[in-house]
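Take the working numbering: the last position of the sequence shown gets the number 320, and nothing is skipped along the way.
First up is the structure itself, then whatever we jot down about it.
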Amino acid sequence: MTTLKSKLQDDLNAAIRKRDELRSATLRLTLTAITKEEVAGETKRELSDDEVQKVIAREAKKRREAAEAFAQGGRAESAEREKAEGEVLAAYLPKQLGDDELDVIVAQAVQEAKAAGAEGPRAMGAVMKIVNPKVAGLAEGGRVAAAVKKRLAG
Numbered sequence: 167m168t169t170l171k172s173k174l175q176d177d178l179n180a181a182i183r184k185r186d187e188l189r190s191a192t193l194r195l196t197l198t199a200i201t202k203e204e205v206a207g208e209t210k211r212e213l214s215d216d217e218v219q220k221v222i223a224r225e226a227k228k229r230r231e232a233a234e235a236f237a238q239g240g241r242a243e244s245a246e247r248e249k250a251e252g253e254v255l256a257a258y259l260p261k262q263l264g265d266d267e268l269d270v271i272v273a274q275a276v277q278e279a280k281a282a283g284a285e286g287p288r289a290m291g292a293v294m295k296i297v298n299p300k301v302a303g304l305a306e307g308g309r310v311a312a313a314v315k316k317r318l319a320g
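Next comes the structure, spelled out in structure tokens:
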């Protein structure tokens with residue numbers, strides 16, 4: 167068992183002992199998603215810590231989107247629950263880049279793309295190819311794309 171997956175399992179056991187319903191339910195769902203990913207495909211395999219982290223990030227994104235949908239639908243209580251679950255999962259993800267840090271990385275990538283001959287709004291794909299490996303797991307794709315568009319437009 168990978169270290170991150172075993173940490174999730176240990177934290178789940180601790181949450182059950184403490185009768186922390188929110189934390190235990192969130193960790194159960196996440197471990198289920200990890201197990202589902204492991205058995206997907208033709209053969210069962212064990213996920214690496216990076217792959218486990220991607221599953222956790224996907225689950226956290228689902229919580230954020232659900233919280234927004236509940237808030238727009240006027241279901242504040244459900245939105246709060248989803249936000250709380252998202253915060254539990256955020257503890258297992260690397261710290262997200264701040265806007266300033268992301269802007270610096272995007273600015274460097276735009277310069278690299280311009281040096282390679284890509285300019286203006288059409289350079290979006292070239293810049294994203296440069297930025298994505300640098301910010302993988304540290305910034306959400308939508309935030310990155312918005313920062314690149316803003317930099318290319320300016």
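Glycine included, every Cβ here is placed at the ideal spot set by N, Cα and C.
Everything numeric in this text was worked out from a predicted model, so none of it was measured.
For lysine 315 and methionine 290, the gap between their C-alpha atoms comes out near 7 Å.
For a cut-off of 8 Å, the C-beta gap from leucine 255 to threonine 192 is around 6 Å, short enough to register as a contact.
For alanine 242, same chain residues with a beta-carbon under 8 Å away, outside a window of 5 residues either side, are Phe236 in chain order. Take alanine 181, set aside five residues on each side of it, and the residues of its chain with a beta-carbon closer than 8 Å to its own are Arg189, Ser190 and Leu193, in chain order. The distance from the Cβ of glutamine 262 to that of leucine 304 is about 6 Å, consistent with a contact at the 8 Å cut-off. In this structure, glutamate 204 sits away from leucine 195, with a CB-CB distance that is not shorter than 8 Å. Burial check for alanine 312: the Cβ neighbour count within 10 Å stays below 16, so the residue is exposed. Within the region 183-230, the complete alpha helix (DSSP H) segments at least 4 residues long are 187-205, listed from N- to C-terminus. Distance between lysine 249 and arginine 309, taken at the CA atoms: about 19 Å. Judged by beta-carbon spacing, isoleucine 200 lies beyond the 8 Å limit of tyrosine 258, meaning their Cβ atoms are not closer than that value.
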